[in-house]
Structures are given as structure tokens and as C-alpha cells.
Amino acid sequence: MTGPGRLVARARDALERADWEAAKTLFWEALEEEETAEALEGLATAAFFLDEPALILDARERAYAGYRADGRGIDAARIAIALAWDYRTIRGEKAVADGWLARARRLLDDAGPAPERGWLALREASFALPENATLATERCAEAEALGRQLGDVDLEMTAMALGGLASVGQGEIAAGMARLDEATAAATAGEMRDPIAVGLSCCYLIFACERVRDLERAGQWCQRLAGMAAGWNIRALRAVCRAHYGTVLMLRGEWERAEVELTEAAAALAVRPGEAADALARLAELRRRQGRADEAEALIGRAEHHPLAVLCEASLALDRGDAAAAADGAARYLRLMGEARIERAPGLELLAEAHAVAGRGEESVAAARELDEIARTARTDPLLGAARHAAGASLAATGSFDGAREAFEDACELLGRSGLPFEAARARVGLALALGALGRVDVARRELGAACERLNVLGAASEARRASELDPGPVPVDGGLSARESEVLVLVAEGLTNRQIAERLTLSEHTVHRHVANILLKLDLSSRAAAAAYAARRGLAR
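Take any residue in the sequence shown, count from 1 to its spot, add 586: that is its number in the numbering used here.
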């Protein structure tokens, strides 16, 4: 074996030991003697594990050119598939990534049953999610069958895991989680050898747990994967894992720990815009819950069009009382989700609440019903709790306060036992308003006080302040409403929209909007739902 050949062999041994620095040095030495596509590919692999984006792209593109010059189409296709991933995650350039996938596809047209065909199918599947779960499922099935045919456990199990994630996204929770469990068992038992394949398989399980809000399970796997990634010294994988773990901690109410995980993950992924956007959007949601709206907005600007950033921005709009903007943002998020049923859940929950606040009872009911269908399919307490919360908001918006009370009571129980303190406290606020509307003012005030206390303990002072302004007790004076304003208040309590009220009273929609604003101002109320509750307490609701 020649000098460069011996150096490449030693460098590959270093890769097997996860000694990325040694591998990088040896590949460089080999390239100084003779530039080969094999050495460039190895150098790119070492750079990937060391998280050196510029070197990854340069070495892989040169390796691709070298393999093409040597007429080695399958090897060139393998590099093209890797470059598609790099451009998607490092640069966030989807069009360039799609171009590399197309190039790999053409190079593999006549290749026969090569492993590269399976990895190409998995890249296509991962890029299709969550918008096109059908395509993702088909590609995963192709890759899994090919992996089994070739005896390639890494390919087979990674395909099984990604296919399981696609199934969970479509609402097939039991079947999807079973496939994810099997793949993760293979990964952690040592059957799989490729650290990237192992990492992806475990990550897909964490993603699925997070989406169905199985927090305990997700937390356990996040910690285990973080330890495994530390052993392999895979920096980017550790950062992605920490971002998802940070969300788990946030949902559990462990906000100080969540802040550490999310902040450090976002910093570690700063050189990878495609992956950093996800961490930034998750940190933005924590900032929103903490009441740090300006910081949340700044983070959203850096995350740009990431679906989680869109959802967070819509939630911020609702926090400001801009229900129309919140509904528009929630609808945009739902369009981005495409076929992914489980991922639609948070968007539907926000949409139902935004429509309720805006007095659009029918639209709120429709969103709550779709969420309920998803939750009943998933059959997990957190999603069932979210659905009952949305039902409570929609029922209150239509004046069905007794039904709203029952829905909010269910939500409090389900969310509380699921370990979601922020969500449970917000459901308790809704329960207080429903109780107040039913005339049970003393009980309502106790519930509201308990909710505010829990929000303050979490560190959600702004949310607690907004809740405290929703005192469900009676207003001692009539607020000085005009006859027309009193008439509009009655129709608001019936759940009519501004447009419907305008049609009923033969007024312009703008005039009705002004009347509603005056009613809220005069009665010192924060929302249409609060106005409807006030009308019910005063015996004005029909």
C-alpha cells in the first residue's frame, strides 16, 4: 500500500474510533501527498463530526467532482445525497438541496439495488415531512425493504424510525411508536454501526414523543441520546437534541433548565442556519411564556419562516389582544403543516382560542372539533386536554357556559396530570370565567387566584397579570353604555361576529367594531369573551 493509501486507512480507523481530530489530520496529510476523492470524502466526514461547515461543503464538492471524473457514479451519488443534507441544514438553501437530490437520483438511475438508493429515498422522505406524509411514508417503505434485502441494518432501522415518525404525524400513534421503539432498541443495543444513523433513529423517537406530548418518555430519551452523542463527540447532534430537550423542560415547567438548554443549543447551531431556526423558535416560545415579548419577537425574526416561529408570533399577537392577527398566524401554520395531523394540534388550539376572543363562535367551534378528532385518534392525555381547552373556549364564545365549565374542568384535570403546569393554569383561567358567567363568582375568584399564583410561580408574570384583569366578579355600575352599545353587548353575548351584528342592526362593520371597543373600554374588560360573561352575569344574554 502506498503512502497516501496507508494514511487514508489510518484515517478511517480514526473515524471508527470517533477520533475526529486525528482523522482530519491524517486525511489532510494524505491529500498533501495525493488528492483523491476517497480522502476528500473522509475529510468531509471528519469535518461533519467536528461541525466545520465551510470545510464540509468544500471537501464534499471536491470529492463529488473527483468521483465524477473517475466515472464512479454511485460514489458521486452518495456525496450528492450528503450535500443535499448539508445545504438544507447548514445553509438553509432548500432549492440547492433539491438540486443535489435530483443529481443523485439521475446518477442512480441504472445502479441496481445499491444502499445509496435507500439513503436517497430517506433524504426525500425527511425533506417531505411534515407537509407530505404520504410521500415520506412511501419512500421510507422503499428504503426499509432495500435495507432488509441488502442486510444493511443501519439503512433498514433508520427507515423504520423515520417511517414511524411519519405514521405518528398522520395520527397512527400506536403503530408509529411501535416502529420507533424497535428502531431505537436496535440503535441502543449496538446492532447499528453508523453513528449518524443511530443518532437519527433516536432523534426521530424524541420528535414523535414531543409531538404527542409524551414528556416523561421524551425526557428520558433526550438525556440518553445526549450522553450517546457526547461519547461520539457529535456536536451538531448534541445541539439538536438539546433544543428538543429544552422544549420538554419548558412544557414541564422547568423554565430555568429549559433556558440553559435552548440558549446553548441555539448558540451551538448558529453556524447552521437551517437547524438553528428550530432552536431559535423554541427559545422564542419560552421567552413569550416568560413575558419577554421583545426578545421573543427578535428571535422570531432570526428564525424567519420556521413553522414554530409562525406559531409563536401568532401567540404573541393573541397576548396583545390582536385576535385577528393571531387567527391569521394560526391558519398560516396549519397551511405549512399540510398532511401532518398531529402537528396541526397546536395550531388548531390557538385558532379556536383566537376565534373565540374575536367573537367568531362558529369558526372557533370548527377548529375545536378538528382538534378533538385528532386528540381522540391519538388518545394521549395532553392532546385530549388541549382539545377540551379549545372546546371550552369555543363553547364560551357561543354562550354555552355550562358546557364550557365542564370542558375547562376536564382540561384542568388532563393537563395537570400530564405535567403541563402552564397549560393547566391557563385552562383554570377559562374555568374561572365560565364559573363567573354562571353566577358562581366566589368559586370563580378562587380558581382565578389559584391560576394566577401558579403562573407567577412558573415565572409567567405577564400571563398572570392578564389573567388577574379578567376578574369574573360583577361590575358595580352599568358602565354608562348607550342604548346601542347595550344592544351590541347582547349580540356579542350571543356569539355573533361583528359582521353578523352589523347585518342584524343594519350598521357598518366598522361602526360595530367601534361600539365593541367602547364597550370593552367602559366596562374595563379585556376581550369579547369577558364581555359575554359580563352580559350573562347581568342577565342581558338571551
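Glycine included, each C-beta is placed from N, C-alpha and C at the ideal position.
Would residue i be called buried (16 or more neighbouring beta carbons within 10 Å of its own) or exposed?
i       : result
Glu602  : exposed
Gly737  : exposed
Gly887  : exposed
Thr610  : The question names Thr, but residue 610 is Lys in the sequence shown. Looking at its Cβ environment, which holds 16 or more other Cβ atoms inside 10 Å, Lys610 is buried.
Ala870  : buried
Gly698  : exposed
Gln735  : exposed
Ala681  : exposed
His830  : buried
Arg1032 : exposed
Arg921  : exposed
Pro1060 : Confidence in Pro1060 is poor, its pLDDT being 46 and thus under 50, which makes the residue's placement unreliable; the coordinate value appears in the next sentence. The residue in question, Pro1060, is exposed, as its Cβ has fewer than 16 Cβ neighbours within 10 Å.
His1096 : exposed
His892  : buried
Gly757  : buried
Thr1092 : exposed
Asp696  : exposed
Between which residues of its own chain and residue i is the CB-CB distance below 7 Å, once the five residues before and five after are set aside?
i       : result
Arg677  : Pro859 and Gly860
Ser1094 : Ala1088
Ala761  : Ser753
Leu872  : Met836, Trp841, Ala844, Glu845 and Leu848
Cys998  : Ala1010, Ala1013, Arg1014 and Leu1017
Asp800  : Thr966
Ala600  : Ala608, Ala609 and Leu612
Glu1071 : His1101, Asn1104 and Ile1105
Are residue i and residue j closer than 8 Å when you measure CB to CB?
i       : j       : result
Ile928  : Ala964  : yes
Ala913  : Ala931  : no
Ala722  : Leu732  : no
Ala662  : Tyr673  : no
Leu1006 : Leu855  : no
Arg797  : Gly755  : yes
Arg689  : Ala666  : yes
Ala911  : Gly945  : no
Leu1030 : His975  : Inspection of the sequence shows that residue 1030 is occupied by Ala rather than by Leu. No.
Ala993  : Leu1001 : no
Leu626  : Gly659  : no
Leu848  : Ala863  : no
Gly776  : Arg765  : no
Thr631  : Pro590  : no
Gly877  : Ala1047 : yes
Gly1025 : Arg1123 : yes
Val594  : Glu618  : no
Leu1034 : Leu1056 : yes
Thr720  : Ser787  : no
Leu902  : Glu883  : yes
Arg828  : Ala851  : yes
Asn718  : Gly924  : yes
Leu748  : Leu708  : yes
Leu957  : Glu935  : yes
If distances are taken between C-alpha atoms only, which option among the options comes closest to residue i?
i       : options                             : result
Glu768  : Ala707, Leu1082, Val754 and Met746  : Met746
Gly1137 : Cys788, Leu1041 and Ala982          : Past the boundaries of the shown model lies residue 1137; the chain is included only from 587 to 1128, so the question cannot be answered.
Ser980  : Ala600, Ala953, Leu969 and Gly1002  : Ala953
Arg592  : Asp605, Phe613 and Trp606           : Phe613
Ala1018 : Glu607, Ala916, Ala1115 and Cys788  : Ala1115
Phe987  : Trp705, Arg664 and Gly1022          : Gly1022
Leu1111 : Gly907, Glu1073, Met923 and Val1043 : Gly907
Gly915  : Asp905, Leu937, Glu925 and Gly924   : Leu937
Gly1008 : Arg991, Val1027 and Leu1044         : A small fix is needed here, since residue 1008 is Phe in this sequence, not Gly. Among Arg991, Val1027 and Leu1044, the Cα nearest to that of Phe1008 is on Leu1044.
Less than 6 Å between C-beta atoms, sequence neighbours within five positions excluded: which residues of the same chain meet that for residue i?
i       : result
Cys1038 : Ala1050, Ala1053 and Ser1054
Ala895  : Ala867, Ile886 and Ala889
Ala857  : It is worth fixing the name first, because residue 857 is Val in this sequence and not Ala. Around Val857: Pro639.
Asp780  : Asp740
Cys795  : Arg803 and Ala804
Arg918  : Val896
Pro1062 : The predicted model places Pro1062 with a pLDDT of 38, which falls under 50 and marks its position as unreliable, so this point remains unresolved.
Phe634  : Ile642
Gly1081 : Gly947, Ala983, Thr984 and Gly985
Ala670  : Ala683, Trp686, Leu687 and Arg709
Going by beta carbon distance, what residues of the same chain come within less than 8 Å of residue i, once the five residues before and after it are set aside?
i      : result
Leu694 : Gly659, Ile660, Ala663, Ala700, Glu702, Arg703 and Leu706
Cys726 : Ala707, Leu708, Ala711, Ala745, Met746, Leu748, Gly749 and Ala752
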